[in-house]
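Heads up, the final residue of the sequence shown is numbered 102 in full-length UniProt numbering, and it's a clean run with no missing numbers.
By construction, the Cβ of each residue, glycine as well, lies at the ideal position given by its N, Cα and C atoms.
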Amino acid sequence: MTAPQTSQNWKSDDPTPPRAGWDLVVIGGGTAGLVAARTAASLGATVMLVERDRPGGDCLWTGCVPSKALIAAAAQVSGRATSEGRGSLALRSCPHMSISVR
């Protein structure tokens with residue numbers, strides 16, 4: 001079996017599905033929902049993914065991913081300032097700004 005081709009126009013304003021008889025209906029387009037839908041489709045299932053907002057869910061847009069990126073950036077800045085033995089670090093792209101590390 002080959003996986004069905006996905007449509008480039010994935011978002012529809014029509015809340016009713018175009019046909020019945022889906023092999024799998026996934027409710028929620030978060031991390032788990034996207035993986036489940038893609039895996040089923042790759043195995044040849046016809047899949048309908050239902051999501052009320054942006055695909056990816058809260059973790060991708062406002063939770064885990066953005067917060068981990070900010071935490072990693074802060075850790076690098078903190079480590080750089082501490083390793084240089086200073087309490088602040090000047091930003092190369094913004095020489096008029098500095099970050100204090102306590």
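**Request:** Please go through the same chain and pick out, in chain order, the residues whose beta-carbon is closer than 6 Å to the beta-carbon of E51, but skip the five residues on each side of it.
**Result:** G29
**Message:** If contacts are defined as beta-carbon pairs under 8 Å, then T46 and W61 qualify, I think. What distance do you get, rounded to the angstrom?
**Reply:** That pair is no contact at about 28 Å.
**Message:** Going by DSSP in three states, L24 sits in which element: helix, strand or coil?
**Reply:** strand
**Message:** So the candidates are A74, G57 and G63; which of them puts its Cα closest to the Cα of residue 140?
**Reply:** What is shown of the chain runs 1 to 102, which leaves residue 140 out entirely.
**Message:** By the DSSP assignment, the beta strand (DSSP E) with L49 in it spans what residues?
**Reply:** V47 to V50
**Asked** Mapping DSSP to helix, strand and coil, what is residue 104?
**Response** One cannot answer for residue 104 here, as it falls past the ends of the chain, which runs 1 to 102.
**Item:** Same chain, Cβ closer than 7 Å to P55, neighbours up to 5 away in sequence not counted
**Value:** G29 and L34
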